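For the sequence shown, counting from 1, position 20 maps to 22 in my numbering; every step adds exactly one.
We put the CB at the ideal spot given by N, CA and C, even for glycine.
Remember, predicted model here, so these are calculated numbers, not experimental data.
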Amino acid sequence: MKRIAILGATGSIGTQALEVAAAHDDLQVVALAAGSDVDGLVAAARATDAEVLALADPAAAERAAAELGRPVLSGPNALVELIDASGPDVVLNAVVGAAGLEASLATLERGYDLALANKESLVAGGDLVLAAARAGGGRILPVDSEHSALQQCLGDTPREQLTSLVITASGGPFRGRTRAGLAEITVEQALAHPTWAMGAKITVDSATLMNKGLEVIEAHMLFDLPYSQIEVVVHPQSIVHGMARLRDGALIAHLGHPDMRVPISYALTYPRREAVPARPLEWSEAFSLDFQPPDLETFGCLRLAIEAGEAGGTAPAVLNAANEIAVAAFLAGAIGFLAIEELVADALDHVAVQPLDSLAAVVAADAAARARVEVRIGEGAA
Ligand code: NDP
Ligand code: MG
Numbered sequence: 003m004k005r006i007a008i009l010g011a012t013g014s015i016g017t018q019a020l021e022v023a024a025a026h027d028d029l030q031v032v033a034l035a036a037g038s039d040v041d042g043l044v045a046a047a048r049a050t051d052a053e054v055l056a057l058a059d060p061a062a063a064e065r066a067a068a069e070l071g072r073p074v075l076s077g078p079n080a081l082v083e084l085i086d087a088s089g090p091d092v093v094l095n096a097v098v099g100a101a102g103l104e105a106s107l108a109t110l111e112r113g114y115d116l117a118l119a120n121k122e123s124l125v126a127g128g129d130l131v132l133a134a135a136r137a138g139g140g141r142i143l144p145v146d147s148e149h150s151a152l153q154q155c156l157g158d159t160p161r162e163q164l165t166s167l168v169i170t171a172s173g174g175p176f177r178g179r180t181r182a183g184l185a186e187i188t189v190e191q192a193l194a195h196p197t198w199a200m201g202a203k204i205t206v207d208s209a210t211l212m213n214k215g216l217e218v219i220e221a222h223m224l225f226d227l228p229y230s231q232i233e234v235v236v237h238p239q240s241i242v243h244g245m246a247r248l249r250d251g252a253l254i255a256h257l258g259h260p261d262m263r264v265p266i267s268y269a270l271t272y273p274r275r276e277a278v279p280a281r282p283l284e285w286s287e288a289f290s291l292d293f294q295p296p297d298l299e300t301f302g303c304l305r306l307a308i309e310a311g312e313a314g315g316t317a318p319a320v321l322n323a324a325n326e327i328a329v330a331a332f333l334a335g336a337i338g339f340l341a342i343e344e345l346v347a348d349a350l351d352h353v354a355v356q357p358l359d360s361l362a363a364v365v366a367a368d369a370a371a372r373a374r375v376e377v378r379i380g381e382g383a384a
């Protein structure tokens with residue numbers, strides 16, 4: 003029996019993880035956490051035997067506690083308290099944003115396995131997360147579909163035989179557009195992803211290609227590869243999720259219809275594989291797979307992310323935090339689509355990069371970037 007804590011239980015990944023766990027007797031959900039969604043947490047608590055519950059928002063936690071007639075943790079340390087109180091084997095971190103970083107660190111430091119959907123943890127605090135894994139002995143099991151695929155393509159291939167890792171990108175809803183064609187994008191258009199149904203923030207990140215940029219940094223951290231050995235290719239069908247290019251010219255690929263239950267299940271049941279009711283690829287009808295190079299001029303967020311990754315230190319934390327504020331402002335109708343990229347570039351130009359040597363350094367960089375973007379939005383810069 004594996005004891006699982008689900009952080010971000012009310013979200014897109016969290017609810018799919020609950021579905022995966024419900025289908026397997028040997029996965030036991032012992033803890034559930036979310037931000038402020040009382041109804042979502044209450045429903046998840048009633049559907050599972052979870053012993054420990056948390057909502058980051060104290061007022062929401064009080065309402066959920068009243069409804070369930072049992073305690074619900076809350077406040078800034080709620081996620082870490084929940085991990086300690088539940089003593090899980092695996093923590094699925096499906097919180098959105100850098101808000102998930104401390105829970106990732108706590109999980110690994112305590113030697114628990116981390117099923118990681120919250121890529122922002124690795125982007126903002128990469129070296130700290132890796133150090134926590136080394137110190138505590140917890141394993142990082144990627145949930146992001148591309149990284150789950152890459153881990154499987156790599157297998158136990160000796161590192162000197164690997165030439166590069168290839169991350170596929172659907173290209174998002176605006177693939178093929180010019181920059182001028184991005185100026186008038188509405189929130190509704192940005193939220194209409196062609197192949198994946200996901201939370202709002204990652205859906206906008208997929209439209210700007212920032213998501214792919216975050217994933218390049220994530221791959222750099224997870225697989226300890228220089229940026230020169232991480233390739234991005236646009237693949238509109240989202241059927242090939244990742245590829246490993248080997249020195250003899252072979253490309254090992256991982257394929258399947260886009261369905262996050264597959265990588266979620268792999269991370270939760272690792273090293274076993276359990277059945278997932280995903281639609282199989284069928285050969286009875288013809289279909290094709292297309293590949294094209296990414297357009298780094300039109301989708302500058304991908305380029306900015308790779309540059310921030312190469313700069314290192316707190317630069318990726320600045321990129322991530324600036325992007326979080328800019329995306330929230332875009333979703334609120336306060337700024338246009340192209341302003342996301344402009345605000346992230348501005349933050350990278352104005353927030354000094356520091357060495358990434360402590361959580362305090364990440365927190366300071368994150369706060370400075372958020373403040374810079376908020377001021378620029380307040381000035382009407384976007
Ligand atoms: P959603 O927006 O659907 O869900 C986010 C979850 O995080 C919700 O449960 C939310 O709770 C919770 N949350 C937000 N803030 C806090 C906080 N401070 N403390 C605790 N919980 C919090 O996002 P997704 O499920 O789409 O994405 C989650 C993560 O997984 C992201 O990092 C994303 O990049 C990554 N990911 C997602 C994929 C997908 O297919 N959706 C694919 C690959 C990666 P509440 O509902 O109460 O606000
Ligand atoms: Mg992904």
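Legend entry - Ala35: CB within 7 Å of a non-hydrogen atom of the ligand NDP: Distances from the CB of Ala35 to the heavy atoms of the ligand NDP include at least one below 7 Å.
Inset, instruction - Pull up the distance between the alpha-carbon of Ala310 and that of Leu193, whole angstroms please. - result: Roughly 26 Å between the two C-alpha positions.
Inset, instruction - Consider the C-beta atom of Asp39 and the heavy atoms of the ligand MG; say whether any pair is separated by less than 7 Å. - result: Between the ligand MG and the CB of Asp39, the shortest heavy atom gap is not smaller than 7 Å.
Inset, instruction - Measuring alpha carbon to alpha carbon, tell me which of Asp39, Glu83, Ser14 and Leu124 ends up nearest Val364. - result: Here the closest residue by C-alpha is Leu124.
Inset, instruction - Return yes when at least one heavy atom of the ligand NDP lies under 7 Å from the C-beta of Asn325, else no. - result: Every heavy atom of the ligand NDP is 7 Å or more from the Cβ of Asn325, so no.
Inset, instruction - Verify whether the separation of the beta carbon atoms of Pro196 and Val234 is less than 8 Å. - result: The beta carbons of Pro196 and Val234 sit no closer together than 8 Å.
Inset, instruction - Name the one or two DSSP bridge partners that Leu144 has. - result: It is worth fixing the name first, because residue 144 is Pro in this sequence and not Leu. Bridge partners of Pro144: Leu118.
Inset, instruction - Confirm the yes/no value for this check: CB of Ser14, any heavy atom of the ligand NDP, distance under 7 Å. - result: Closer than 7 Å to some heavy atom of the ligand NDP: that describes the Cβ of Ser14.
Legend entry - Pairwise C-alpha distance: Leu306 and Phe339: C-alpha separation (whole angstroms): 16 Å.
Inset, instruction - Could you spell out the range, first to last residue, of the alpha helix (DSSP H) harbouring Ala2? - result: The structure shown has nothing for residue 2, since the chain only spans 3 to 384.
Inset, instruction - Taking the CB atoms as reference points, tell me whether Ala105 and Ser76 lie closer together than 8 Å. - result: No, the Cβ-Cβ distance between Ala105 and Ser76 is not below 8 Å.
Inset, instruction - Compute the distance between the beta-carbons of Val2 and Phe293, then report whether it is under 8 Å. - result: Given that the chain is displayed from residue 3 to residue 384, the structure contains no residue 2 and the question cannot be resolved.
Inset, instruction - Enumerate in chain order the residues of its own chain whose CB-to-CB distance from Val278 is below 6 Å, with the five nearest sequence positions on each side excluded. - result: The beta carbon of Val278 is closer than 6 Å to those of Arg263, Val264 and Ser267 in its chain, skipping five residues each way along the sequence.
Legend entry - Best match in Pro318, Pro60, Ala330 and Ile379 for proximity to Val355 [C-alpha to C-alpha]: Minimum Cα distance to Val355 is reached at Pro318.
Inset, instruction - Check whether the stretch 115 to 134 touches the stretch 319 to 336, counting contact only when three or more Cβ pairs, one atom from each stretch, lie closer than 8 Å. - result: A contact exists between the stretch 115 to 134 and the stretch 319 to 336.
Legend entry - Proximity test, Asn120 beta-carbon vs the ligand NDP heavy atom, cut-off 7 Å: Flag set: Cβ of Asn120 near the ligand NDP.
Inset, instruction - Using the beta-carbon of each residue, find all residues closer than 6 Å to any heavy atom of the ligand MG and list them in chain order. - result: Close to the ligand MG, as judged by a C-beta nearer than 6 Å to any of its heavy atoms, are the residues Asp146, Ser147, Glu148 and Glu217, in chain order.
Inset, instruction - State the CB to CB distance for the pair Val346 and Ala328, rounded to an integer number of angstroms; the pair is presumed to be in contact (CB under 8 Å). - result: Contact between Val346 and Ala328 is confirmed by a C-beta separation of about 6 Å, below the 8 Å threshold.
Legend entry - Cβ-Cβ distance between Leu248 and Thr300 below 8 Å: No, Cβ-Cβ distance for Leu248 and Thr300 is not below 8 Å.
Legend entry - Euclidean distance between Cα positions of Glu53 and Met3: Each residue's alpha carbon lies about 15 Å from the other.
Inset, instruction - For the beta strand (DSSP E) holding Leu34, just list the boundary residues, first then last. - result: Counting along the chain, the unbroken beta strand (DSSP E) around Leu34 starts and ends at Leu29 to Ala36.
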